[in-house]
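Numbering (full-length UniProt numbering), first residue to last: 1 to 239.
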């Protein structure tokens with residue numbers, strides 16, 4: 001991901017919090033294979049353990065029938081860890097088109113304005129360990145612990161008593177685990193890009209912010225919040 005310095009976020013705790021808020025990450029591998037395309041991507045809901053490793057550890061799972069699983073299984077017949085790094089991209093659902101009509105400062109002075117897009121994203125590089133051997137007790141242990149953690153991560157946010165994995169029949173859970181493989185990514189690099197008008201003039205920045213306010217939508221309000229959070233250093237941002 002190309003990251004201009006003005007948009008860069010490098011604080012690990014901030015990026016980890018972003019991942020926790022946007023857990024669906026696109027998992028990408030580039031592993032040469034005789035019958036499957038080299039580049040493979042899968043959308044995965046992740047569980048982040050921020051206090052493990054230097055930068056944290058991500059754990060997820062994908063369907064065993066997924067072609068990406070076949071590539072990883074074939075690449076880890078003797079060792080659990082993939083040779084090459086993997087990439088996981090997390091994107092905020094809060095993103096939007098920005099019309100030049102809102103860039104009142106520059107539009108009036110020179111007319112040199114273009115549409116743009118505002119968004120937030122974080123990307124993670126890491127070393128992946130793959131849990132796929134059904135005869136290995138470590139595979140079942142990993143999947144059981146991961147599925148319980150993933151379920152708790154989301155059930156705990158809902159009202160009422162949490163549903164637990166153990167409530168399903170054990171034989172059913174066993175069959176479901178046989179249909180997936182586990183992935184554990186030790187993060188070696190983490191970086192983010194939040195493009196929310198940091199490089200605009202004060203007049204254009206306020207015009208964009210006020211444009212989102214006038215939309216009167218949930219997305220517009222969320223865009224305002226993101227802009228103001230990232231624009232705290234601007235004088236009089238509340239004006």
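Backbone N, C-alpha and C define an ideal beta-carbon position, used for all residues, glycine too.
Bear in mind the structure is a predicted one, so any value in this text is a computation, not a measurement.
Residue i versus the options, residue with shortest Cα-Cα distance
| i | options | result |
| --- | --- | --- |
| residue 4 | 135, 126, 120 and 182 | 120 |
| residue 38 | 212, 75 and 9 | 75 |
| residue 193 | 117, 122, 105 and 21 | 122 |
| residue 138 | 103, 73 and 80 | 80 |
| residue 200 | 115, 29 and 11 | 115 |
| residue 53 | 46, 108, 131 and 127 | 127 |
| residue 73 | 209, 180 and 94 | 180 |
| residue 125 | 212, 190 and 208 | 190 |
Distance, residue j Cα to residue i Cα
| i | j | result |
| --- | --- | --- |
| residue 90 | residue 183 | 16 Å |
| residue 9 | residue 172 | 43 Å |
| residue 134 | residue 16 | 32 Å |
| residue 204 | residue 19 | 30 Å |
| residue 263 | residue 41 | Lying before the first or after the last residue shown, residue 263 is absent from the chain, which here runs from 1 to 239. |
| residue 144 | residue 83 | 25 Å |
| residue 51 | residue 92 | 23 Å |
| residue 195 | residue 176 | 40 Å |
| residue 210 | residue 45 | 34 Å |
The beta strand (DSSP E) enclosing residue i, as first and last residue numbers
| i | result |
| --- | --- |
| residue 87 | 86-91 |
| residue 279 | Nothing can be reported for residue 279, as the shown portion of the chain is limited to 1 through 239. |
| residue 3 | Neither: residue 3 is in no beta strand (DSSP E) and is coded neither H nor E. |
Run of the alpha helix (DSSP H) containing residue i, from where it starts to where it stops
| i | result |
| --- | --- |
| residue 135 | From DSSP, residue 135 is part of no alpha helix (DSSP H); its letter is neither H nor E. |
Quick check for students: name the residue ranges of the alpha helix (DSSP H) that lie wholly in the stretch 145-185, counting only runs of 4 or more. As far as the stretch 145-185 is concerned, its whole alpha helix (DSSP H) runs of at least 4 residues are 170-178.
If we count Cβ pairs, one from each stretch, closer than 8 Å, do we get three or more for the stretch 146-156 versus the stretch 56-64? Contact holds: three or more Cβ-Cβ distances are below 8 Å.
Hey, is the stretch 160-167 in contact with the stretch 212-232, meaning 3+ C-beta pairs nearer than 8 Å? Cβ pair count under 8 Å is below three, so no.
Does the stretch 84-98 touch the stretch 19-29, meaning 3 or more C-beta pairs lie closer than 8 Å? At 8 Å Cβ cutoff, the stretches touch.
Residue ranges of each alpha helix (DSSP H) within the stretch 20-78, 4 or longer: Listed in chain order, the complete alpha helix (DSSP H) runs (minimum 4 residues) inside the stretch 20-78 are 67-75.
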